[in-house]
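Protein chains in written order, with the numbering used here: chain D, 376 to 511; chain H, 3 to 491.
Comments concern the structure below.
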C-alpha cells in the first residue's frame, strides 16, 4: 500500500512541484490551499505525513500543527516549510507544535522528499547540514 | 592764647612795679592800677579772641557735620563751610579732618559704584538664569541634573511630566533613586558620576504607557565640570554632578521596525518565485517530469516565476526612483476615463480569478486631466488591486469617475471588503504599513498605497483619501486638478 502525504501551501506552483516529486515516488498525494482546508482533509482521511507551508490565509501552518498536536487521537508527523525564519529552534518547534523538520524556502524538492522518507522510516529527521552564511 | 596774654601782662606788671619803686605811693598806686586795668583788658581781649576762634571751629565742625558727606568729596573747600583763619590753632586739625572726610567720601563713592555695578551684574545674571531656565523648560527633551550626592538639582517640565514628579525646587525629597522610577536611567546617571570622565555615556530607555504604547528614549549623560575660582589654569576642573538629556527616538525606532518589516516582506515576496524556479529546475534535472508535456509545463512555470521576480524587482526600483525624483514626469492633457478603462482591463482577470465582481461605473462624459499617463495608471491599478486583495470572493469592487462642481477630476475605487479601523485608516498611506490582521489575505509590500499617494499628491498636486468602516468596505478617492481647471487658472 502506498504511503499517503498531505501537502498544504497557498502558492499553487510550490504545491505542484512538491506534488510532482512525491507522486513520482509513488506517494498517494493530496493537496490543500490553506490550514483550514488541510485540517478538513485530515479529518476526512488521515495521511501518513503532512507537509505544510507556514504562512497561509485563514489558518496558518502553526495553527494547523497546533490542532494536530492538541488532538490526542492523531499521531501525525509534520514537516514545515517557511520563507521566514523562526524564533523557535527545531527542538522547540517539535516540542511546541510537534513539527519534526523545518525546511526554509527556497527549498529543494529532493531534500524534502529525503526528509519525508526518513521520518516515515525512523520517526525522526536529520536536517541537511546548514550552509554557512558566508558561503551564500 | 589768653593764658599767654595774662602771663605777658603779669611779667610786664612785675617789671613796672620794680621800675616805679622810686615814685610816690599815689603815683605808684595810679601806675599799678593803670597797669592792672591794661593787663585785664589785654587778658579779656585774649580770652575774647580765643573764644571767637573756638566758636569758628565749633561752627566749622557743626556745618561740616550737617553737610551731605558727598558734597565734601570735591577737592575744593565747600562754599557752605565757614571760613577758618589760618591762625586758628584748630585750623590744621580742621583741614586734616576735612581731607579725611573727603577721602572717605571718595572711598564711599567707589564702594557705591562697585555695589551698583554688582547689582547690575546680579540683575543680568538673574535675567540670564531666568532665560536659561526658560529655554530649558521649553525644550521638548526631558533634562535632569544631579549633584555629587545623587540628588536632583534640576529638572525641566518635560522630565517632570515624563517621570510624574514635581519641581525639585519645591521638594524636600530630591533623591534620584526614589523620584525617578527608571532603573536604567538612574544607573546610567550614577555610573557617569562615579567615573567622572569628560566623555558622555548613552543608554536606551523604553517607557510603556497605560495604553501599552512604547516610547523609546536615548539618554545622554555627561559630567558637569566647573573651575573653582582662584585656581590656576592647570588645575583640574571640579565635577559638580551629572546632566542627562533624553532624546525621543520613538520615530527612529518605528522607521527601523518598518524597514525591518519591509525587508522581511520583500524577501518573502522574492523568495516565493525563487522557490518555484529552484524547485522546478531541480525536478527537471532529476528527471521528475515524466513526459514532454510536464517538462513544458515546468519550463512555463519557471518562466512565469522569473517574470514575477523581475516585476517585483522593477516595482521596487520604480518606487525608489519615483520617490527620489529620478523618473522624469511626462504630464500632458488626456482623458482620465481612457486611463481608468485601461487600468480596469488590467485588473479584470485578477478579480475574476478571485470571484469578485468588478463594476465599471466610469463616467460617460469627457474628463480631461493634465497627468503622466503611466503614473496615473499605476495609481488606478494600485487602488483597484488593493480593493480586490482585501475583498472576499462574491464581493464587489467598483470604479467610478466624475467631474466635480469645482472642476476637480475625481475617481473612486469602492469595495465591499474588510474595511479599516480608524487607526489603520489613518496609517494606511504610510510606507511599509500593513494592517496586521489582514496581511494574510494577500501578499503585499505595503508600498502600493504610499506610492499612489505620492504620485497623486506630490507629482500631480491632487489629493488621495480613504473613507472606510471596519467590516463594511472602503472608498479610496483620488482628486486631480482637471485640464479645465488648469486652463482657467
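For each residue, glycine too, the CB sits at the ideal point set by N, CA and C.
These numbers were taken from a predicted model, which means no experiment stands behind them.
Ranked by how close their Cα comes to the Cα of residue 450 of chain D, the residues D:478, D:494, D:459, D:411 have D:494 in first place. Closer than 8 Å at the C-beta level to chain H, one finds these residues of the region 397-408 of chain D: 399.
Closest by C-alpha distance to residue 242 of chain H, out of H:252, H:258, H:225, is H:225. At a beta-carbon threshold of 9 Å, none of the residues of chain H lie near residue 377 of chain D; the nearest stands roughly 17 Å away.
The beta-carbon of residue 464 of chain D is placed no less than 8 Å from the nearest beta-carbon of chain H.
For residue 282 of chain H and residue 397 of chain D, the gap between their C-alpha atoms comes out near 13 Å. Counting the other Cβ atoms within 10 Å of the Cβ of residue 388 of chain H gives 16 or more, which makes it buried.
Ranked by Cα distance from residue 211 of chain H, the options H:141, H:408, H:286, H:165 are led by H:165. With a 10 Å radius around the Cβ and a threshold of 16 neighbouring Cβ atoms, residue 94 of chain H comes out exposed. The beta carbon of residue 502 of chain D does not come within 8 Å of any beta carbon belonging to chain H, so the residue lies off that interface. Contact between the region 409-416 of chain H and the region 471-480 of chain H is present: 3 or more CB-CB pairs across the two stretches fall below 8 Å. Closest in C-alpha terms to residue 189 of chain H, from the list H:174, H:222, H:279, H:162, comes H:222. Per the coordinates, the alpha-carbon of residue 458 of chain D lies some 25 Å from the alpha-carbon of residue 498 of chain D.
Relative to the Cα of residue 430 of chain D, the nearest Cα in the group D:439, D:467, D:406 belongs to D:439.
Its chain contains 90 as the residues whose beta carbon lies nearer than 6 Å to that of residue 55 of chain H, once the 5 sequence neighbours on both sides are disregarded; these appear in chain order. Residue 417 of chain D is outside the set of residues whose beta carbon lies under 8 Å from a beta carbon in chain H.
Taking 8 Å as the upper bound on Cβ-Cβ separation, chain D lies near residues 284, 285, 288, 290, 291, 292, 296 of the region 284-296 of chain H.
Proximity of residue 389 of chain D to chain H, defined by a Cβ-Cβ separation below 8 Å, is satisfied. In the pairwise beta carbon analysis, the region 382-402 of chain D is classified as touching the region 481-494 of chain D: at least three pairs are separated by under 8 Å.
Residue 223 of chain H is bridged by DSSP to H:203, H:246. When Cβ-Cβ separations below 8 Å define contact, residue 480 of chain D makes contact with chain H. If you check each beta-carbon in the region 440-459 of chain D against every beta-carbon of chain H, the ones closer than 8 Å belong to 458, 459. The C-beta of residue 390 of chain H comes no closer than 8 Å to any C-beta of chain D. Beta-bridge partners assigned by DSSP to residue 404 of chain H: H:412.
Counting only runs that start and end inside the region 378-429 of chain D, the alpha helix (DSSP H) elements of at least 4 residues fall at 387-399, 410-419. Proximity of residue 485 of chain D to chain H, defined by a Cβ-Cβ separation below 8 Å, is satisfied. From the beta-carbon of residue 392 of chain D, the residues of chain H found nearer than 7 Å are 278, 281, 282, 285.
Its chain contains 417, 418, 419, 421 as the residues whose beta carbon lies nearer than 6 Å to that of residue 475 of chain H, once the 5 sequence neighbours on both sides are disregarded; these appear in chain order. Of all alpha-carbon atoms in H:381, H:156, H:338, H:264, the one lying nearest the alpha-carbon of residue 369 of chain H is that of H:338. Neighbours of residue 386 of chain D in chain H, taken as residues whose beta carbon is under 7 Å from its own, are 274 in chain order.
When DSSP states are grouped into helix, strand and coil, residue 482 of chain D belongs to the coil group. When only Cα atoms are considered, residue 385 of chain H and residue 476 of chain D end up about 40 Å apart. Counting only Cβ-Cβ distances below 9 Å, residue 394 of chain H has no contacts in chain D at all, with the closest Cβ about 11 Å away. Annotation: the continuous alpha helix (DSSP H) that includes residue 159 of chain H extends over 159-165. Inter-residue distance for residue 183 of chain H and residue 142 of chain H is about 20 Å (C-alpha atoms, whole angstroms).
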